[in-house]
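**Student:** Sharing a structure here in structure tokens format.
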Amino acid sequence: MANAPDNKLTSSSSELDLDRPNLEDYLPSGSMQEPRGKLRLRDLLDISPTLTEAAGAIVDDSFTRCFKSNPPEPWNWNVYLFPLWCLGVVIRYGILFPTRVLVLTLGWIIFLSSFIPVHFLLKGNDKLRKKLERCLVELICSFFVASWTGVVKYHGPRPSRRPKQVFVANHTSMIDFIVLEQMTAFAVIMQKHPGWVGLLQSTILESVGCIWFNRTEAKDREIVARKLRDHVQGADNNPLLIFPEGTCVNNHYTVMFKKGAFELGCTVCPIAIKYNKIFVDAFWNSKKQSFTMHLLQLMTSWAVVCDVWYLEPQTLKPGETPIEFAERVRDIISLRAGLKKVPWDGYLKYSRPSPKHREQKQQIFADSVLRRLEEK
Amino acid sequence: MGTTSSTLTQYDIEEVQEHCNHTFSQQEIASLYQRFCQLDRNGGGFIAADEFLSVPEFAVNPLSQRLLRMLDGLNFKEFVAFLSTFSSRATLQQKIEFIFKVYDSSGNGKVTFDDMLNVLRDLTGQFISEQQREEVLTQVLEEAGYNKKSLLVLSDFVKILGNPDLKMEVEVPVD
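Okay, here's the thing in structure tokens:
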């Protein structure tokens, strides 16, 4: 959910791409008619299909499209509209923004003055303490949402607290978590952040239950998988919310879901979130702005309008692998929120694709050459 | 056109169009500029190898390393000239010249047996043994009237590859 501290691209470990769905089914294949007939010099020298694929990727590719923030068209270039737009700016920055800062500050005061006593004084009475902390976290999230004039329409039955279930949602920004949390106190699995966000994570989010991961650590996966399993077994824990994309995507596409959430032997409840871009583009492009800047941008916009759909819980079908399960749930979420699917792993933002894909292409060509050598 | 600012003047577009012999329309050049800026993340005025390889579709291509050598350090004007081979307005001759350049790694206008073997290795990887690769290449070369020691020049490539249905085209998305 945040950018890696440096841009070192390392090749992803092979365990990350076992059982991947076949990439060849998704990638555009140029003139893929099966070449026939005896092998000639021309067939070996003609590299035009491969070159065309490379040039096609340079000119446009589906992966970069997922992370492109699409700025709205500037419309303030007309003698009538320009003063209106200026008035809008004045209202947004001069009236709305200070009001929102006030509301948020008020919210924090109320929250902290209740949370700190509850946390320390009720140390003995765990059940009550947890219940109150949960309500308070929902409260501060509501204050956050109010500070962006968030208009959230929830569709579908509210999540219920039951053991052996996890919630998965598509990911656009860290505010996804806040939007969902104001309705239900979820436990969440997150990348540990630096700065004030990290401070909030280690103090307040601990109370609702959080699991930390470090996406740059390969071994981390097993530790995290174990923590996930332990969490969903516990009847007293808050329902777990997972963003299986593993990174923020621009709310037009979904990248491949990581299978971790789908191999816990639990019911998976999909949640689809779609932001209305007319009011503000809620995509957090973590490479372009810090979370603080992102929040300020939201607080100086008119509103954050979004739809949240709680969809029908899904379980692993007999004979289905966790990867197929993940893709099936991704289908359900993408369909509901009107998002296009791309076959890329979100972590390719931070690492190179595995050599396996290139090897697949090489194998196809090699097989074709050898086969045609046999023909006379 | 030093550092990449996010706007291109009409003069700039015309200059780039001149440089690529009008193989791209002005709209396509503007679109390519947006793409160039998108890929050139550190704003250095050229796209580094790392930035090209961050496009997964490019990184999985067997000829990516070879192309990177040709793409290294290109500014926008040269980038468009590089891509102009893939325009629908480019001639067959231009396309064959490009393919020749990919093979001719030493840039001396002659393609050797080793050059061809290197490209074949990139394309087939570990799925054909080195020996078999050499045998196959030698065999088809001899059948075409050349031998292992032949040095192929551009006109040879034109003769071998000159076929009107050589398709090497890419569409530039224009919104």
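These protein sequences, in sequence, are chains F and G. In terms of my numbering, the first sequence opens at residue 472 and continues consecutively. In terms of my numbering, the second sequence opens at residue 1294 and continues consecutively. Glycine included, C-beta positions come from ideal geometry on N, C-alpha and C.
Going by DSSP in three states, residue 778/F sits in which element: helix, strand or coil?
**Tutor:** Within the first sequence, residue 778/F is the residue found at index 307, counting from 1. Residue 778/F: strand per DSSP, three-state reduction.
**Student:** Using a 10 Å radius around the Cβ and a threshold of 16 neighbouring Cβ atoms, would you call residue 1306/G buried or exposed?
**Tutor:** As a working mapping, residue 1306/G is identified with position 13 in the second sequence. Answer is buried; the Cβ neighbour count reaches 16.
**Student:** Throw me the rounded Cβ distance for the residue 1395/G and residue 518/F pair, which I believe falls under 8 angstroms.
**Tutor:** Start at 1 with the first residue of the second sequence, and residue 1395/G comes out as number 102. Start at 1 with the first residue of the first sequence, and residue 518/F comes out as number 47. The Cβ separation is near 7 angstroms, so the contact holds.
**Student:** Counting only runs of 3+ residues fully inside the segment 703 to 791 of chain F, write out the beta strand (DSSP E) ranges in chain order.
**Tutor:** Counting whole runs of 3 or more residues, the segment 703 to 791 of chain F contains the beta strand (DSSP E) stretches 711 to 713, 724 to 727, 738 to 746, 775 to 781.
**Student:** Following the continuous alpha helix (DSSP H) through residue 602/F, name the residue where it begins and the one where it ends.
**Tutor:** Mapped onto the first sequence, residue 602/F falls at position 131. Its alpha helix (DSSP H) spans residues 597 to 618.
**Student:** In the DSSP assignment, what are the bridge partners of residue 681/F?
**Tutor:** By 1-based counting over the first sequence, the position of residue 681/F is 210. Answer is 659/F.
**Student:** In this structure, how does DSSP classify residue 1370/G when only helix, strand and coil are distinguished?
**Tutor:** Numbered from 1 along the second sequence, position 77 holds the residue referred to as residue 1370/G. Here residue 1370/G sits in helix by DSSP.
**Student:** With DSSP as the reference, identify every bridge partner of residue 638/F, one or two as the case may be.
**Tutor:** In the first sequence, the residue the question calls residue 638/F occupies position 167. Residue 638/F is bridged to 712/F, 740/F.
**Student:** Please classify residue 733/F: is it buried, with 16 or more other beta-carbons within 10 angstroms of its beta-carbon, or exposed?
**Tutor:** Counting from one through the first sequence, the residue named residue 733/F turns up at place 262. It is buried - the Cβ of residue 733/F has at least 16 other Cβ atoms within 10 Å.
**Student:** Cβ closer than 7 angstroms: which chain F residues qualify as neighbours of residue 1322/G?
**Tutor:** Position 29 of the second sequence, counting from 1, holds the residue named residue 1322/G. Result: empty, since nearest Cβ-Cβ is about 12 angstroms, beyond 7 angstroms.
**Student:** Can you give me the Cβ contacts of residue 1374/G inside the same chain, cut-off strictly under 7 angstroms, excluding the 5 residues immediately before and after it?
**Tutor:** Along the second sequence, one-based indexing puts residue 1374/G at 81. So the qualifying residues of the chain are 1312, 1313.
**Student:** So what does residue 590/F bridge to, in DSSP terms?
**Tutor:** Residue mapping note: residue 590/F aligns to position 119 of the first sequence, counting from 1. None; residue 590/F has no bridge partner.
**Student:** Against residue 653/F, what residues of chain G qualify as contacts under a CB-to-CB distance less than 7 angstroms, listed in chain order?
**Tutor:** Locating residue 653/F in the first sequence gives position 182, counting from the first residue. Ordered by position in chain G, no residue passes the 7 angstroms Cβ test against residue 653/F, which lies about 35 angstroms from the chain.
**Student:** For residue 657/F and residue 781/F, what's the separation of their Cα atoms in angstroms?
**Tutor:** Sequence index remark: in the first sequence, residue 657/F carries index 186 (1-based). Sequence index remark: in the first sequence, residue 781/F carries index 310 (1-based). Taking the straight line from one Cα to the other gives about 14 angstroms.
**Student:** Would you verify that the beta carbon of residue 1409/G is, or is not, closer than 8 angstroms to some beta carbon of chain F?
**Tutor:** The residue you call residue 1409/G lines up with position 116 of the second sequence. Yes - at least one Cβ of chain F is within 8 angstroms of the one on residue 1409/G.
**Student:** Opposite residue 625/F in the DSSP bridges: which residues?
**Tutor:** For the purposes of this step, residue 625/F is identified with residue 154 of the first sequence, where counting begins at 1. Beta-bridge pairing links residue 625/F to 779/F.
**Student:** CB-CB under 8 angstroms to residue 1377/G, same chain, minus the five flanking residues each way: which ones, in chain order?
**Tutor:** Position 84 of the second sequence, counted from the start, is the residue given in the question as residue 1377/G. Excluding residues within five positions, the ones whose Cβ falls inside 8 angstroms are 1313, 1314, 1316, 1317, 1383, 1387.
**Student:** Rounded C-beta distance between residue 1467/G and residue 1321/G? I'm assuming under 8 angstroms.
**Tutor:** Residue mapping note: residue 1467/G aligns to position 174 of the second sequence, counting from 1. Residue mapping note: residue 1321/G aligns to position 28 of the second sequence, counting from 1. With 8 angstroms as the limit, residue 1467/G and residue 1321/G qualify as a contact, their Cβ atoms being about 6 angstroms apart.
**Student:** Should residue 502/F be labelled buried (16 or more other beta-carbon atoms within 10 Å of its own) or exposed?
**Tutor:** Position 31 of the first sequence, counting from 1, holds the residue named residue 502/F. Any reading at residue 502/F must be qualified, since the residue scores a pLDDT of 42, below 50, and its modelled position is unreliable; no value is offered.
**Student:** May I have the straight-line CA-CA distance separating residue 843/F from residue 832/F, to the nearest angstrom?
**Tutor:** Here residue 843/F is taken as the residue at index 372 of the first sequence, counted from 1. Here residue 832/F is taken as the residue at index 361 of the first sequence, counted from 1. Going from the Cα of residue 843/F to the Cα of residue 832/F covers about 17 angstroms.
**Student:** Can you find a CB in chain F that lies within less than 8 angstroms of the CB of residue 1443/G?
**Tutor:** Taking the first residue of the second sequence as position 1, residue 1443/G is located at position 150. Answer no: the Cβ-Cβ gap between residue 1443/G and chain F never drops below 8 angstroms.
**Student:** Is residue 1453/G near the ligand MG, with its Cβ less than 7 angstroms from a heavy atom?
**Tutor:** As far as ligands go, the structure on display features none, and thus does not contain the ligand MG.
**Student:** Going by Cα to Cα distance, which pick from 837/F, 513/F, 745/F, 583/F is closest to residue 650/F?
**Tutor:** On the first sequence, position 179 is the one that residue 650/F refers to. It is 745/F.
**Student:** Looking at the structure shown, is residue 813/F part of a helix, part of a strand, or coil, going by DSSP?
**Tutor:** Within the first sequence, the letter at position 342 stands for residue 813/F. Residue 813/F: strand per DSSP, three-state reduction.
**Student:** Determine the closest residue to residue 758/F out of 1334/G, 1325/G, 1324/G, 1408/G, with distance taken between C-alpha atoms.
**Tutor:** Translated into positions along the first sequence, residue 758/F becomes position 287. Comparing Cα-Cα distances from residue 758/F to each of 1334/G, 1325/G, 1324/G, 1408/G, the minimum goes to 1334/G.
**Student:** With residue 1342/G as the anchor, note down where its alpha helix (DSSP H) starts and where it stops.
**Tutor:** For this step, residue 1342/G is matched to residue 49 along the second sequence. Residues 1342 to 1346.
**Student:** Between residue 706/F and residue 731/F, is the Cβ-Cβ spacing less than 8 angstroms?
**Tutor:** Residue 706/F sits at position 235 when you count from the first residue of the first sequence. Residue 731/F sits at position 260 when you count from the first residue of the first sequence. It is not a contact, given that the beta carbons lie outside the stated cut-off.
**Student:** Any idea what DSSP makes of residue 1454/G, helix, strand or coil?
**Tutor:** On the second sequence, position 161 is the one that residue 1454/G refers to. If DSSP states are grouped into helix, strand and coil, residue 1454/G belongs with the helices.
**Student:** What runs of the beta strand (DSSP E), each 3 residues or longer, lie entirely inside the segment 1355 to 1423 of chain G?
**Tutor:** Whole beta strand (DSSP E) segments, 3+ residues: zero.
**Student:** Just how far apart, CA to CA, sit residue 1460/G and residue 712/F?
**Tutor:** For the purposes of this step, residue 1460/G is identified with residue 167 of the second sequence, where counting begins at 1. For the purposes of this step, residue 712/F is identified with residue 241 of the first sequence, where counting begins at 1. Distance between the alpha carbons of residue 1460/G and residue 712/F is about 49 angstroms.
**Student:** Out of curiosity, what's the CA-to-CA distance linking residue 598/F and residue 754/F?
**Tutor:** The residue given as residue 598/F occupies position 127 in the first sequence. The residue given as residue 754/F occupies position 283 in the first sequence. Computed Cα separation, rounded: 37 angstroms.
**Student:** Kindly indicate which three-state DSSP category residue 1445/G falls into: helix, strand or coil?
**Tutor:** As a first step, residue 1445/G is located in the second sequence; it is residue number 152 there, counting from the start. Of the three classes helix, strand and coil, the one that applies to residue 1445/G here is strand, per DSSP.
**Student:** Given residue 796/F, which residues of its chain have a CB within under 6 angstroms of its CB, disregarding the five upstream and five downstream residues?
**Tutor:** For the purposes of this step, residue 796/F is taken as the residue at position 325 of the first sequence. So the qualifying residues of the chain are 733, 787.
**Student:** Which residues, in order along the segment 527 to 540 of chain F, keep a beta-carbon less than 8 angstroms from a beta-carbon of chain G?
**Tutor:** Hits within the stretch, in order: 527, 528, 529, 530, 531, 532, 533, 534, 535, 539.
**Student:** With 8 angstroms as the threshold, decide whether the Cβ of residue 755/F is near any Cβ in chain G.
**Tutor:** Residue 755/F sits at position 284 when you count from the first residue of the first sequence. Not one chain G Cβ lies under 8 angstroms of residue 755/F.
**Student:** Buried or exposed for residue 1456/G, please, with buried defined as at least 16 other CB atoms from any protein chain shown within 10 angstroms of its CB.
**Tutor:** As a position in the second sequence, residue 1456/G is number 163, starting the count at 1. Exposed, by the Cβ-count rule.
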